[in-house]
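Asks: This is the structure I have questions about; it appears just below.
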Amino acid sequence: MRKIILLLCLLCSNYYVNAQVCNTPYHIVVIGSSTAAGMGATPNHGWVALYTQYLKGININYQVDNLAVGGYTTYDLCPTGFVPPPSRPLPDTNHNITRALLLHPDAIIINLPTNDVGRDYTLTEQQDNYKRMISAATAQGVQVWVTTTQPRNAYNAGQIAALKTMRDWTISYFGNKAIDFWTDLTEPNDSIRHIYSYGDGIHLNDAGHQLLYTRVVSSNIRDVLCNAGSSVNPFHLTSFAVNQVQNKLYLIWYTNNEKNTSRIIIEHSADSLSWNTVGTLTAAGNYTGSRFYSFIDTSIYLSAQYYRLNMVTTDSRHFFSTVIKGLPDTMYTNPFRLDVFTVALQQNKYLLSWTTRAEKNTNMFTIERSTDSLTWNSIGNVNAAGNSVTIRSYSFTDTATRITAAWYRLNMSTHDNRHFYSQGIKSLSPGPDTVPVSNPFNLTTFSVNQYHDQLHLNWATSNEANSSLFIIARSSDSLNWNNIGSITAAGSYPGQRSYNYPDTTIRTNAQYYRLEMVTLDNRHFFSAAIKGTPDTMYSRPFRLATFALTLQQGKFVFNWSTSAEANTYQFIIERSTDSLSWNNTGTIGAAGNSNTIRSYNFTDTATLTTNVYYRLNMVTHDNRHFYSGSLKGVMSLLPLRGLQRGSYNASFHSGTLKPIALLIVPNPAQESCRISGLATGHHLVKVYDMSGRLVYFNRQFQMGSSIAVGAWANGLYILIVDEGKQPLKLIKE
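Listed below in structure tokens is the structure:
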């Protein structure tokens, strides 16, 4: 009997131990867009409001801060200091992840349902932005939960597929930190389920927000916070470095005393902004002591690369290492940077001359000769420099007397016995009676100059004798040459003679040129190679960096910036109602010449009531015109809840107003106003500002009631009577 009683006591004790509830009041911050802001729900019935009520019912000291703003995307929420690509919005420092972290929360919830897809941001962009936010939070030991995308009406098949792909990625990447805001919310065609739809094709009603609220509660955020205690990195990364291994980059790192670790994702970036996965290693799980890891990136790079570790725990938390930079050994695959390789006739012998501008681990130049450019024989060796970053000059004389043409090439070997071959060059047949002669062209100058977006060659000779032809050759690397034109020489000419040759091909990088000078008796002489850099700004004198349109106080504001300008004169802002016929609406002076960021803005003061398009007509001082793409703005007096914040495409709403019999009096209003013409009974009245924010809500509005507007900011507001059937424009002064 005593044993039975003791057993019951133990069972009861165990029950009460396991049934304990964590009542610690935590601080949670929500960032996101219109759904998190409560759009579609009646006041205090959005999912954030419901979740706040739920938490405060457990402990009144729970704190939930909601920083969500309608229309926001992942770019708006990126960490402060992040510079987005052109045409993408800058982070909002009052509502982004950095601002959330300044509130010192225990957890953050990110809710971004559809806006990124609606603006055609790529999946990679969205995923990289999420990783930036998670990295910022993890660095401060703050756990983050991420909601999936949500269904939305009127999206095309590609956009719906993108929403689903992001949904699946969120669940896969964040694991138990992902909150499902998709399941049970859709009709068979992936539109919003009717019983949950607010009616605008974007937002959810009270019932929909109630379902989202239950999903957030089911994610057990407070239990995780209670049990986690701390978000200290369980990997305990002690070192992380990148080294050169031949022509590849080798990553090594150490951890110490891992706990509940799952895997390590190696991420790579060419610019330290956009990241992609290059490999995954299994982590130790639970391991006491130092643990070594390594990874070789087998891709061949020619410039600096960046790496970071995305370290995932068994409960799907992500911890990011610092970013490290690796410089590939670009000399490994080309250890001999051959600059010039020529052959010249000297006293019936051939003199080979060549230079290198850099060498690494080089051993020997073996000079090879051929009579047919197919079969090669070694005729001598010249020691290489080993390691050098300066110009090195070499020469070799073929002492065999030749009466026929020959081909020469360099077999260049490294200390680890790798071989690299130069291009074969051909000598001319010297003939049995050849005697040493000086260059009959007497080249005195040879230069290359920029002319608009072309390169022009100029050279001069002095006292030409027996000259026939100049052959102009071009190379992109100073090794491989192509003939691009020829000019007849003077023959025999006493005194100075000038020549010019325009290379009309448009180039975007440096080019090398040389002259092959041919005499009347078919002897060939070569000039030194010269380098020319084209004026890449001529064909693109305006380097447009950002380009955005926003609606402010009922007027369209055009903002743009340039990263560089050359010979620029002015920006003509053009407006169109059909994107075909354009009219000048204003001008802004350009910088002229600039290699730094220059910002510009223009406000269209015209009163507009129809769809409009804007573009920039960018004019140079020499009256050349360059046109930007166009941005569309749709002017409406009926905003959607969750109005899209204008940045790349300022398309706000395509609804139009119908004639109505109601009037707001007085209008403009200063302290209060009322609605004239209302029928008897109760009416639903809502007022929105031009950002789409609800500023007034009354379900019991009656004829004769007034609206207090004294505390509102001056500007344009939209008043909607009875669910949008009777919209009115209200001006607050």
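In UniProt numbering, the protein residues as written are 1 to 733. Using N, Cα and C, we set each Cβ at its ideal position, and we do this for glycine too. Only a predicted model underlies this, so the values are computations on that prediction, with no experimental measurement involved.
1) Output the boundary residues of the alpha helix (DSSP H) element that contains His209.
2) Given a cut-off of 8 Å on the beta-carbon distance, is the pair Val216 and Ile296 in contact?
3) Roughly how many angstroms separate the alpha carbons of Phe441 and Tyr600, rounded to a whole number?
4) Between Arg308 and Pro502, what straight-line distance do the alpha-carbon atoms span, to the nearest angstrom?
5) What residue range is occupied by the uninterrupted beta strand (DSSP E) comprising Glu565?
6) Need the endpoints of the alpha helix (DSSP H) that Asn129 sits in, please.
7) Using the C-alpha atoms, what's the distance from Tyr717 back to Glu733?
8) Looking only at its chain, what residues have a beta carbon closer than 7 Å to the beta carbon of Phe174, apart from the 5 residues adjacent to it on each side?
9) Below 8 Å on the Cβ atoms is my guess for Asn559 versus Ala548; work out the distance and round it to an integer in Å.
10) May I ask you to report which of helix, strand or coil DSSP gives Cys78?
11) Measure how close the beta-carbons of Ala679 and Leu730 come, nearest whole angstrom, since I'm counting them as under 8 Å.
12) For Lys729, name the three-state secondary structure that DSSP assigns.
13) Quick one: is Pro105 buried, meaning 16 or more other Cβ sit within 10 Å of its Cβ, or exposed?
14) Give the secondary structure of Ser628 by DSSP, where H, G and I count as helix, E and B as strand, and everything else as coil.
15) Would you check whether the ligand MN has a heavy atom nearer than 7 Å to the C-beta of Arg308?
16) Taking all protein chains shown into account, decide if Val389 is buried (16 or more other Cβ within 10 angstroms of its Cβ) or exposed.
17) What's the call for Thr375, buried or exposed, on a 16-neighbour Cβ count within 10 Å?
18) Among the candidates Asn361, Val343 and Ile597, whose CA atom is the shortest distance from the CA of Ser353?
19) With a threshold of 8 Å on Cβ separation, who are the neighbours of Pro86 within its own chain once the five nearest residues in sequence on each side are excluded?
20) Using three-state DSSP, classify Ala161 as helix, strand or coil.
21) Between the C-alpha atoms of Ile28 and Leu101, what's the straight-line distance to the nearest angstrom?
22) With 16 as the cutoff for other CB atoms within 10 Å, does Glu723 come out buried or exposed?
23) Check whether the segment 506–514 touches the segment 458–478, counting contact only when three or more Cβ pairs, one atom from each stretch, lie closer than 8 Å.
24) Take Ile160 and list the residues in its own chain whose beta-carbon comes closer than 7 Å to its own, dropping the five residues that flank it on each side.
25) Put Ala49 into one of helix, strand or coil per three-state DSSP.
26) Measure the C-alpha to C-alpha separation of Arg392 and Thr313 and round it to an integer number of angstroms.
27) Gln305 and Leu251 look like a contact to me (Cβ under 8 Å); what is the Cβ gap, rounded to whole Å?
28) Comparing alpha-carbon positions, which option in Tyr613, Pro84, Thr114 and Met331 lies nearest Gly70?
29) What's the gap between the Cα of Gly485 and the Cα of Gln450?
30) What are the complete beta strand (DSSP E) segments, minimum 3 residues, inside the segment 500–528?
31) Buried or exposed: Tyr350, going by 16 or more other Cβ atoms within 10 Å of its Cβ?
32) Alpha helix (DSSP H) containing Asp116: first to last residue?
33) Using DSSP's beta-bridge definition, name the partner residues of Leu410.
34) Can you round the beta-carbon distance between Asn256 and Thr238 to whole angstroms, since I take them to be within the 8 Å contact cut?
35) In or out: Phe571 buried (at least 16 other Cβ within 10 Å) or exposed?
36) Of the choices Lys686, Val709, Ala708 and Ser691, whose alpha-carbon is the least far from that of Asn698?
Replies: Straight from the coordinates:
1) Segment Asp206 to Ser218, the alpha helix (DSSP H) holding His209.
2) no
3) 55 Å
4) 48 Å
5) First-last of the beta strand (DSSP E) with Glu565: Lys555 to Glu565.
6) Leu123 to Ala139
7) 11 Å
8) For Phe174, the CB contacts under 7 Å within the same chain, skipping 5 residues up- and downstream, are Val146 and Ser316 in chain order.
9) 5 Å
10) coil
11) Not quite, the Cβ-Cβ distance comes to about 20 Å (not below 8 Å), so this is no contact.
12) strand
13) buried
14) coil
15) As far as ligands go, the structure on display features none, and thus does not contain the ligand MN.
16) The C-beta of Val389 has fewer than 16 other C-beta atoms within 10 Å across all chains shown, which makes the residue exposed.
17) exposed
18) Val343
19) Leu544, Ala545, Thr546 and Phe547
20) helix
21) 10 Å
22) By the beta-carbon neighbour count (other beta carbons within 10 angstroms, threshold 16), Glu723 is exposed.
23) yes
24) Asp190
25) Ala49 carries a helical assignment under DSSP once its states are collapsed to helix, strand and coil.
26) Rounded to whole angstroms, Arg392 to Thr313 spans 54 Å at the Cα level.
27) Between Leu251 and Gln305 the Cβ distance is about 10 Å, and since that is not below 8 Å, they are no contact.
28) Thr114
29) 18 Å
30) 511–519 and 524–526
31) buried
32) Asn115 to Gly118
33) Ile367
34) 5 Å
35) buried
36) Lys686
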